[in-house]
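In what follows, a structure is listed as structure tokens, so that the remarks can point back to it.
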Amino acid sequence: GGAKLKLLLADYEAKEEVARSEAERLIKEGAVCLVGPFLSGPAMAVATLCEQRSIPFVIDVAAADNITQQGFKFTFRTFATSTNFANNMLLYLNQIMKEKNIGRIKGVVTNTGDLFGRVQGATFLKFIKNKNFPIDVLAHIEYPLGIQDLSAEVSKIKSLKPEVLFPITRSGD
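Residue numbers (this note's numbering): 119 to 291.
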């Protein structure tokens with residue numbers, strides 16, 4: 119019916135405490151719904167605040183399953199979860215292995231040390247174990263979000279001689 123919307127913007131600086139304070143600021147400025155953010159840790163901080171304030175929160179990217187498994191009434195997700203990613207990875211990997219007649223593979227799992235990376239890495243490893251998937255995990259390497267030099271991690275990976283690397287990363291890694 120021609121309702122006018124006013125877009126309010128915030129930069130959470132990839133930090134949970136900033137995400138919460140910026141969300142609080144937006145609510146004080148009249149926001150009736152919040153959308154975002156990209157990272158799971160900040161999304162959890164915003165979800166908690168939105169539940170306290172009864173403000174709808176739509177997660178457009180953050181994938182950590184536990185954000186929407188808290189029983190929150192005002193938090194919604196439009197993006198796939200870590201469980202979806204892990205399940206689909208094994209589904210497609212199984213198809214490739216069958217087509218190439220590969221019985222087992224040796225791999226290394228890497229992930230960032232933020233909420234998304236930890237949840238995604240743990241979920242992937244859990245799926246491998248629970249589904250008895252034919253991957254020998256040679257190592258699980260976690261590194262800090264925003265690290266500038268991964269040469270030590272790369273050296274370790276090379277020394278293990280994996281056939282496949284399962285990276286859970288950010289685009290700059």
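The beta-carbon is built from N, C-alpha and C at its ideal position, and this holds for glycine as well.
Item                                                                                                          : Value
Opposing strand residues paired with D291 [DSSP bridges]                                                      : For D291, which the question treats as bridged, DSSP gives no partner whatsoever.
Segment limits, beta strand (DSSP E) that includes R195                                                       : T193 to R195
The stretch 254-269 contacting the stretch 190-206, beta-carbon criterion three pairs below 8 Å               : no
Beta-carbon proximity of A128 to F156, cut-off 8 Å                                                            : no
Unbroken beta strand (DSSP E) run spanning K224, endpoints                                                    : I223 to T230
Opposing strand residues paired with F315 [DSSP bridges]                                                      : Only positions 119 to 291 of the chain appear in the structure, and residue 315 is not among them; the question remains open.
Three-way DSSP call (helix, strand, coil) for F251 in this model                                              : coil
Pair within 8 Å by beta-carbon distance, F175 and F192                                                        : yes
Own chain partners of A149 with C-beta closer than 6 Å, once the 5 adjacent residues on each side are dropped : L126
Exposure label - L152; buried when at least 16 CB within 10 Å                                                 : buried
M162 versus K249 - alpha carbon distance                                                                      : 29 Å
C-alpha gap between G225 and K146, whole angstroms                                                            : 49 Å
Terminal residues of the alpha helix (DSSP H) in which I145 lies                                              : E134 to K146
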